[in-house]
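FYI, the numbering for the sequence shown is 0 to 314, going by numbering that gives the first Met the number 0. To start, the structure under review is shown below, and the notes come after it.
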Amino acid sequence: MLESFMVAFNAVAPFLILLGIGFGAVRLKLTDRDFMNRLNKLNFRLFFPFMMFNNVYNAKPEDLPSVKLMLAGPLTFLAVVALLLIIVPRLVKENPRRGTIIQAIFRSNFIIYGIPLTTYVFGNDKASVCGMMVLIMVSLFNVASVAVLEMFRDGGKVRLMPLLLGILKNPLMQGCIVGLAFYLLQIKLPPFIETPVTSLAGVATTLALVVLGANLKFDELKKNSRTIIAVLATRLILLPLIMVPLGYLIGLRGVELFLILMIYGTPVATASYPMAQNMGGDGQLAGQLVFVSTVVSLVTIFLFIFTMSQLGLLA
């Protein structure tokens, strides 16, 4: 039980520390929110594209998951997005909040939590399977996020060409596309380029969390409390409760069933905050969802891992 708790705690605690550093920096007058907002734009346009490129570029083609998992992940994801596009606009009236809420529910922090937690639970030899699923799912996360935010930025009207242009112009998608080209063509960067690329990629998540902490307004948490509770109950509880048994029914076991939990049971993706803020979404709500989900997931991830372990589903 203690080991299961430490798996979840070690995944979540660094996020909370970085949020606290950003929060403290503003309170101690080391910076201000205007500067942090400009820094957030820089992060979105520069560091996050390098992170997306690096993740795709470093994928290993020999470490493929099973066909079942490679189909289950994308197909269930597309079904979730389709349902959200039907349900959320009926319940939420403001377009910026619609895009932010839909993105928060379908976009998990699989890219950050998946490999460390898989390595901790199953060992290094199984982490490569997670790496390939990260490539598949994060590509889908990015396309869907850009599409949804563009859709609701334009008053809820879906126009194909502006939507496609918005996807292609998105810095994260550009990083993915260039990374995929290098991956498919097996182009290798020389060390003097690969080293700074890796360094720039490593900045993105850290900077996003520090900026998010700096921009947190706890007085607005109460105003958004009902929305936050509904979104996070869906993101952290309902989705994994549906998707993990579904994965089991179609024959996924061990590490592959665990990856379904990582796709649907990890907190709201850190990247959803700068994307919402820079693409006409409700940035404040997006930041609150990232923050609260990161804290709450310490409990929910632990409970899911512990329960699956007790049921023998991780063997």
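C-beta atoms are modelled at their ideal positions from N, C-alpha and C, and glycine is treated no differently.
Proximity below 8 Å, CB of residue i to CB of residue j
i: I228; j: L288; result: no
i: N42; j: A203; result: yes
i: S107; j: I304; result: no
i: V254; j: T75; result: no
i: L148; j: G279; result: yes
i: L251; j: K67; result: yes
i: R44; j: P244; result: no
i: L134; j: V55; result: yes
i: F14; j: T293; result: yes
i: L83; j: I101; result: yes
i: V88; j: M131; result: The question names Val, yet the displayed sequence has Pro at residue 88. No, Cβ-Cβ distance for P88 and M131 is not below 8 Å.
i: D218; j: P95; result: no
i: V25; j: D33; result: no
i: L312; j: Y247; result: yes
i: L206; j: F46; result: yes
Per DSSP, the bridge partner or partners of residue i
i: V267; result: S107
Among the options, the one whose alpha carbon lies nearest that of residue i
i: L17; options: T265, L167, N214, L148; result: N214
i: T265; options: V87, L231, P190; result: L231
i: N9; options: Y119, L220, L245; result: Y119
i: L220; options: V210, F290, M242, R152; result: F290
i: M160; options: D281, R96, A146; result: A146
i: M50; options: D281, T194, G212; result: T194
i: I166; options: P189, F140, S65, F181; result: F140
i: F310; options: A275, F257, S296, N277; result: Checking the sequence shown, residue 310 turns out to be Leu, not Phe. The candidate whose alpha carbon is nearest that of L310 is F257.
i: L260; options: M242, I86, A275, M274; result: M242
i: A314; options: L90, N36, G122; result: G122
i: T274; options: K168, V91, K216, A12; result: Sequence inspection shows Met at residue 274; the Thr mentioned does not correspond to that position. Comparing Cα-Cα distances from M274 to each of K168, V91, K216, A12, the minimum goes to K168.
i: R225; options: R152, N36, V91; result: V91
Distance between beta carbons of residue j and residue i, contact taken as under 8 Å
i: I104; j: T233; result: 5 Å
i: A71; j: I249; result: 6 Å
i: L178; j: F52; result: Looking at the sequence provided, one finds Gly at residue 178 rather than Leu. Rounded, the Cβ-Cβ distance is 4 Å, consistent with contact.
i: G286; j: L211; result: 5 Å
i: G21; j: L208; result: 7 Å
i: G174; j: P48; result: 3 Å
i: Y182; j: A58; result: 6 Å
i: V128; j: M172; result: So it is not a contact: roughly 25 Å between Cβ atoms.
How do the segment 238 to 246 and the segment 268 to 286 stand: do at least 3 beta-carbon pairs fall below 8 Å, yes or no?
no
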